[in-house]
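Below you'll find the structure, written out as C-alpha cells, and then a few comments.
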Amino acid sequence: MAEGSFVSASRRSFLTVSAAASAALALRIVTEPMLARAARHLVHEGVMIDANENPLGPCAAARQAVIDIAPQGGRYSDWLSVDLVNQLAQLEGLKPEYVALYPGSTEPLHHGVAAFTSPHRSYVTADPGYEAGMFAAQSVKARLVKVPLTKDYAHDVRALLAAAPDAGLFYVCTPNNPTGTLTSHSDIEYLVANKPKDSVVMVDEAYIHFSDAPSVLDLVKADKDILVLRTFSKIYGMAGLRCGVAFGRPDLIEKVADFGGWNFMPITALVAASASLKDTQVVPERKRINSEVRSSVFAWLDRNGYSYIPSQSNCFMLDTKRPGKEAIDAMAAQHVHVGRIWPVWPTCVRITVGSADEMEQFQTALKKVMTGAVTASVPGSKISAARSEPKLRTGELPYRA
Ligand SMILES: Cc1ncc(COP(=O)(O)O)c(C=O)c1O
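Mapping of the sequence shown onto the working numbering: residues 89 to 489, in sequence order.
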C-alpha cells in the first residue's frame, strides 16, 4: 500500500501547528444546506430543489458498499482513507501526496480561505457566486472582493485581477453555483499566470461532471499555485454521506490542513466513494439524465416565455420578474422549495434540476406564480416566515435550528 497524504499528514507533530491555525479552530463553517435552510428552515417535505442535491442518491454499488462495511463500524479502519487517496491519485494521474480527503469539500474550501486570506490579503470571488467562501473570509477578517460575471456569465478573470492586487485567494467555481455557467480553461490559466505572487487560485469543480468542461487538474499536475476541489455530494449523490477531495501541490495541501482535516473519515463515505469511482457508468449516465431533464425544463420555460440563464450544471437561475422572495414564498406555499436569491440579481432565484417528476411539479407551481394565481405564502404555512437571503453574519444562520 503506497503512502498517501492522509498518512503523512496524520504523522506530523502537533507542535508544528501554528498559533494562527489553533485560533482558527474556532471558525464556523457555512455549508450549502445551511444556506438553503436559511430560507425554508427545517421543512423537509414536498419538492426540494433548493440545495443542489441529487435526487438519485448514491449509486447501487455505493449503497451496497455502505451495507457491507457497516459491521466494521466499530473500527477506525484508517487504511481505507489511504486506499481512496491512492485510487483518486491513480485515476487523475497525480501523486498521492497531491490528494487530501475531507468529509465534503466545504472544509477544504473554508480552511483554504482561512489559510490564504487575512486582513491584508483579500478574498476575490464572482458575483453571483457560491457564498461559503465569503463567510470564511469574513471569519478571518479578509477584505471581500466581489466581481460581476461577464456578459456570458463566466468569471471575469481580468476584472478579478484588476480588482485585487492584494489578493490572497481567487475563488473560481466552474460550473458556477448558482448560474451553472462555465469559465474556460484558458481564462483560469490566465488567472494563474497573472495573479499576485503568493496568492492562490482555488477552482471549485463541485459540478464539473454535469458539464463537458475540461478539468484544470492539469494545472495541479504542473505544480501551479492552484487548489482544485471536488465533492461526491453532487453527481455521485452522496451529500449526506460526506466525501470531498482537495487536489494541490503538497505544500498547499499542508497549509490547508493546518486549519483542520486531520480527523478520520467516516468509513461509509470512503467505501461509497470508492465504489462510485469504480462504476464507470455512473458519471455518463447521471450526466445524461440531468441534461435531459434540464433541457426539457428549459424547453418548457421557452414555450412559456420565462427568462432563465442556460446552464451546464444541475442548477440554473430563473428570473421571476418580481422580488425573488415573493416567488420563493409562493412556490413554497405549493410545497415546491426553490433556492435562494443573490442580492446582485434580486428578481432571480436558483432552481436545482431535480427528477423529471419533481420538475413537472415545479412547472405546475411556477405557472401559478407567474400568472398571479398564487401570490404569496399561505397563512399559517410553515414557510411563511421564510427569509429572503441569509446575511453575512453566521450567527443568523440556523446552525442548531
Ligand atoms: C460550489 C460548491 N462547492 C462546495 C460545496 C460543498 O459541498 P459538500 O461539502 O457537500 O462537498 C457545494 C455545496 O453545495 C457547492 O455548491
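By construction, the Cβ of each residue, glycine as well, lies at the ideal position given by its N, Cα and C atoms.
Remark: the C-beta of G161 is outside contact range of ligand 1, defined as less than 7 Å to any heavy atom. For Y190, the uninterrupted beta strand (DSSP E) segment begins and ends at V187 to Y190.
Going by beta carbons, G412 and I429 fall inside the 8 Å limit. Distances between the C-beta of G268 and the heavy atoms of ligand 1 are all 7 Å or more. Between L365 and L340, the gap from beta carbon to beta carbon reaches 8 Å or more. Between ligand 1 and S401, a heavy atom-to-CB distance of less than 7 Å is absent. At the C-beta level, V424 and G181 stay beyond 8 Å of one another.
In the three-state scheme derived from DSSP, where H, G and I count as helix and E and B as strand, L179 is classed as helix. A distance below 7 Å between beta-carbons, with the five flanking residues on each side excluded, links Q422 to the following residues of its chain, in chain order: A453, K456 and V462. For F320, the three-state secondary structure derived from DSSP is coil. Annotation for L389 indicates a beta carbon at 7 Å or more from all heavy atoms of ligand 1.
Within a 10 Å sphere around the beta-carbon of R330 sit 16 or more other beta-carbons, which makes this residue buried.
Annotation for R382: S399, N402, F404 and V441 place their beta carbon closer than 8 Å to its own, counting only its chain and skipping 5 residues before and after. DSSP, reduced to helix, strand and coil, places A461 outside both helices and strands of the structure shown, so it counts as coil. By the criterion of a C-beta distance shorter than 6 Å, D292 is surrounded in its chain by C261 and L317, once the five residues flanking it on both sides are discounted. Per DSSP, the unbroken alpha helix (DSSP H) holding M419 starts and ends at G412 to A420.
Note on geometry: alpha-carbon atoms of R374 and L279 lie some 31 Å from one another.
Under the three-state reduction of DSSP, L232 is assigned to strand. The closest heavy atom of ligand 1 lies 7 Å or more from the beta carbon of C147.
Contact between M353 and P191 holds, with the beta-carbon distance rounding to 6 Å and staying under 8 Å.
At least one heavy atom of ligand 1 lies less than 7 Å from the C-beta of T319.
According to the DSSP secondary-structure assignment, H425 is paired through a beta bridge with M136.
The DSSP assignment places complete alpha helix (DSSP H) segments of no fewer than 4 residues inside the stretch 298–351 at 305–309 and 338–345, in order along the chain. DSSP, reduced to helix, strand and coil, places I377 within a helical segment of the structure shown. If you check the C-beta of T213 against ligand 1, you find no heavy atom less than 7 Å away. Taking C-alpha positions only, L358 is separated from L249 by approximately 38 Å. Beta-bridge partners assigned by DSSP to S395: D407. Taking non-hydrogen atoms of ligand 1 into account, the C-beta of N351 is found less than 7 Å away from none of them. Taking C-beta separations shorter than 6 Å and ignoring five residues to either side along the sequence, the partners of A150 in its chain run A360, A363 and S364, following chain order. By the Cβ rule, the stretch 145–162 does not count as touching the stretch 291–306, because fewer than three pairs are nearer than 8 Å. In the DSSP assignment, S362 falls within the alpha helix (DSSP H) that extends over I355 to K366. With a threshold of 16 other beta carbon atoms within 10 Å, N282 falls short and is exposed.
Across the set M447, P431 and F335, the C-alpha of M447 shows the shortest separation from the C-alpha of W388. Around the beta carbon of S274, a 10 Å sphere encloses fewer than 16 other beta carbons of the protein chains shown; the residue is thus reported as exposed. In the three-state reduction of the DSSP assignment, L270 falls in the coil class, being assigned neither a helical nor a strand state. DSSP places R151 in no beta strand (DSSP E) but in the uninterrupted alpha helix (DSSP H) bounded by A148 to I157.
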